[in-house]
Amino acid sequence: MTVSINSIKKGIVIDHIKAGHGIKVYNYLGLDKVDFTVALIKNAPSNKQNKKDIIKIENAMNIDFTVLGLIDPTMTINIIENESIKEKIKLSIPKKVEDVIKCKNPRCVTSVEKNIPHIFLLFDEEKLEYRCQYCDEVYTFSEV
Amino acid sequence: MLEGRHLIEPMDFTNEELDGIFELADSIIEDEKSYMDKCRGKILASLFYEPSTRTRFSFEAAMYRLGGQVIGFSEPSSSSVSKGESIADTIKTVSCYADIAVMRHPKEGAPKVASMYSDIPVINAGDGGHQHPTQTLTDLLTIRRTKGEIGNITIGCCGDLKFGRTVHSLIKALSRYENVKFVLISPSELKIPDYIKREVLEKNGIEYVEAEKLEENMGSLDILYMTRVQKERFFNEEDYIRLKDSYILTPDKMEYAKKDMMVLHPLPRVNEISPEIDSDPRALYFKQAKYGMYVRMALIAKLLGVC
Ligand SMILES: [Zn+2]
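Protein chains in written order, with my numbering: chain A, 1 to 144; chain B, 145 to 451.
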């Protein structure tokens, strides 16, 4: 028996997620807590990537695309209405990431000062490296 | 225009803006008396969350010599910090009383936080192992006054290059000048961090070599920048014994040096420069400390917009 995940009426399909990253995206979007239909497909065959993950969300959900661009800017987002793609959203790598991740450097001022924004600025686009605006500690998003 | 700006890291200012500070420092050195009233009526808040007598004195003397006054604390236990007040609240309050603030803090990025919430200029006087921009201004002014220019030099940095924040800042700052070459002399455990090699040196196509022994490289240097190597930084006793003497500058090593080489050191020194060197005209570290005060006078005056 096949699971009916192929068509959704209204919602979002996040496609071309790097295999293995699907669960990350799932967690970032808090999909474990929602009560509408969500499908996480792992290791789907893909022409481009060999294997990919896909997430299908049967709901008009407000997504922070900045965060998705950070996890993996190569994935594509399809907004579905009436069972067809209404809009394709291209992700880009955000130049500035605020209050998404925290600096782990114990010498960083963010470890003691409360109520300040945790700001990371893009520093190497190719390697997806971000730098804490306070202490300059470098993070690649894949390790976060 | 530097009026109202902050100095958090050396690269906050362009080379032209730095030149403006150095030119003002030159003219203060030339005729200090005509600057003694420039900051009359102005107050510097000196916020030292960890003790650093040397840097604090340098700033406070600079303000007094400009005719200004100083308020502040020199250890957090005597301040509201011990009551758990945030940096943001401290600087907002201090902004009500003072015209300019200088901050030394053990946490990296603390002065940056202060600058985000401050109505008055904030100067970073050292944040953990991160930045020490006014030391860099001091080093650059010393090089400029002694060599006549900042570019066209081969500079040897010797000692603990891994944790030495003054060296990191200096390399960054020098990378913006023409024809600067580096000889990086350190034990293998204390080599310059990769990110400095990658982002600063290699990215800017700057020539550098890494070495272990000082005397073998002495002859090629126009400047020798010494820093401390502490015994506890070594991973094993053998390496320490093998290398400890190669990082102590002694008169016999100075024999290999050019006649006009400059020896710099951010001070305080422990035993990495033998006191016999002090009388050598090439030893500039005490002069450097004096220039440090003048460059801070120039910086304060510029940020306050009085010169
Ligand atoms: Zn940080």
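Cβ coordinates follow ideal geometry from the N, Cα and C atoms, glycine included.
Local Cβ density within 10 Å of residue i, reported as buried at 16 or more and exposed below that
{"i": "Met145(B)", "result": "exposed"}
{"i": "Val13(A)", "result": "buried"}
{"i": "Arg198(B)", "result": "exposed"}
{"i": "Ile455(B)", "result": "The structure shown does not extend to residue 455(B), since chain B is modelled only from 145 to 451, so the question has no answer here."}
{"i": "Cys240(B)", "result": "exposed"}
{"i": "Glu160(B)", "result": "exposed"}
{"i": "Ser92(A)", "result": "exposed"}
{"i": "Val34(A)", "result": "exposed"}
{"i": "Val266(B)", "result": "buried"}
{"i": "Ala414(B)", "result": "In the sequence on display, residue 414(B) carries Val and not Ala. Val414(B) should be labelled exposed."}
{"i": "Glu204(B)", "result": "buried"}
{"i": "Asp271(B)", "result": "buried"}
{"i": "Asp124(A)", "result": "exposed"}
{"i": "Pro410(B)", "result": "buried"}
{"i": "Ser202(B)", "result": "buried"}
{"i": "Asp396(B)", "result": "exposed"}
{"i": "Ile432(B)", "result": "As written in the sequence, residue 432(B) is Gln, which differs from the Ile given in the question. When all chains shown are included, Gln432(B) counts as buried."}
{"i": "Thr2(A)", "result": "Since pLDDT at Thr2(A) reaches only 39, below the 50 mark, its modelled position is unreliable, and the value read off the structure follows with that caveat. Thr2(A) comes out exposed."}
{"i": "Arg342(B)", "result": "exposed"}
{"i": "Pro425(B)", "result": "exposed"}
{"i": "Asn268(B)", "result": "buried"}
{"i": "Asp366(B)", "result": "buried"}
{"i": "Ser4(A)", "result": "Summary for Ser4(A): the model assigns pLDDT 44, below 50, so the residue's position carries little reliability; its value from the coordinates is reported in the next sentence. Exposed, because fewer than 16 other Cβ atoms sit within 10 Å of the Cβ of Ser4(A)."}
Residues that residue i contacts on chain A, provided the C-beta gap is smaller than 9 angstroms
{"i": "Ile336(B)", "result": "By Cβ distance, chain A contributes nothing, its closest Cβ being about 15 angstroms from Ile336(B), past 9 angstroms."}
{"i": "Ala254(B)", "result": "Val109, Val112, Glu113 and Tyr134"}
{"i": "Gly273(B)", "result": "Arg107"}
{"i": "Lys251(B)", "result": "Arg107, Cys108, Val109, Thr110, Ser111, Val112, Glu113, Tyr134 and Cys135"}
{"i": "Val257(B)", "result": "Val109, Thr110, Glu113, Ile116 and Tyr134"}
Interface partners of residue i on chain A, CB under 7 angstroms
{"i": "Ala355(B)", "result": "Neighbours of Ala355(B) on chain A: none; closest Cβ ~27 angstroms, over 7 angstroms."}
{"i": "Lys186(B)", "result": "Per Cβ cutoff of 7 angstroms: no residues; Lys186(B) is ~27 angstroms from chain A at best."}
Proximal chain B residues relative to residue i, where beta-carbon distance stays under 8 angstroms
{"i": "Lys114(A)", "result": "Ser230"}
{"i": "Val138(A)", "result": "Tyr339"}
Segment limits, beta strand (DSSP E) that includes residue i
{"i": "Ser190(B)", "result": "Ile187 to Phe192"}
{"i": "Ala401(B)", "result": "Taken as a continuous stretch (DSSP letters only), Ala401(B) belongs to no beta strand (DSSP E), as it is neither H nor E."}
{"i": "Val138(A)", "result": "Val138 to Thr140"}
{"i": "Asp271(B)", "result": "Val266 to Asp271"}
{"i": "Arg131(A)", "result": "Glu129 to Cys132"}
First and last residue of the uninterrupted alpha helix (DSSP H) at residue i
{"i": "Val257(B)", "result": "Ala254 to Tyr261"}
{"i": "Ala19(A)", "result": "Premise fails: Ala19(A) is in no alpha helix (DSSP H) and is neither H nor E."}
{"i": "Ala169(B)", "result": "Asn159 to Glu174"}
{"i": "Arg440(B)", "result": "Tyr429 to Leu448"}
Which runs of the beta strand (DSSP E) at least 3 residues long sit entirely within the stretch 277-349 of chain B? Give them in chain order. 297-302 and 324-329
Please give me, in chain order, every unbroken run of the beta strand (DSSP E) with length at least 3 that falls completely inside the stretch 93-121 of chain A. 96-98
Would you check if there are 3 or more beta carbon pairs closer than 8 angstroms linking the stretch 413-423 of chain B to the stretch 174-184 of chain B? no
Within 8 angstroms, do at least three Cβ pairs link the stretch 349-357 of chain B to the stretch 326-340 of chain B? Yes, the stretch 326-340 of chain B touches the stretch 349-357 of chain B.
Ordered list of beta strand (DSSP E) runs contained in the stretch 25-87 of chain A, each at least 3 residues: 38-46, 50-57 and 76-81
Secondary structure, beta strand (DSSP E): runs of 3+ residues fully inside the stretch 205-248 of chain B: 213-217
Quick one: any contact between the stretch 189-204 of chain B and the stretch 248-268 of chain B, if contact means 3 or more CB pairs under 8 angstroms? Taking one beta carbon from each stretch, the stretch 189-204 of chain B and the stretch 248-268 of chain B have 3 or more pairs nearer than 8 angstroms; the two touch.
List in chain order: all unbroken alpha helix (DSSP H) runs of 4+ residues lying wholly within the stretch 347-396 of chain B. 359-362 and 381-387
At least 3 beta-carbon pairs within less than 8 angstroms: the stretch 105-116 of chain A vs the stretch 149-156 of chain B: no
For the stretch 278-288 of chain B against the stretch 161-173 of chain B, are there 3 or more C-beta pairs whose distance is under 8 angstroms? The stretch 278-288 of chain B is in contact with the stretch 161-173 of chain B.
Hey, is the stretch 297-305 of chain B in contact with the stretch 318-329 of chain B, meaning 3+ C-beta pairs nearer than 8 angstroms? yes
Pair every Cβ in the stretch 125-141 of chain A with every Cβ in the stretch 92-111 of chain A, then say whether three or more of these pairs are closer than 8 angstroms. yes
Should the stretch 205-219 of chain B be called in touch with the stretch 433-451 of chain B, which here means at least 3 C-beta pairs below 8 angstroms? yes
Would you say the stretch 381-392 of chain B touches the stretch 313-325 of chain B, given that touching needs at least three Cβ pairs under 8 angstroms? Touching, no.
Whether or not the stretch 14-34 of chain A and the stretch 43-50 of chain A are in contact is what I'm after, with contact meaning three or more pairs of Cβ atoms, one per stretch, closer than 8 angstroms; do they touch? yes
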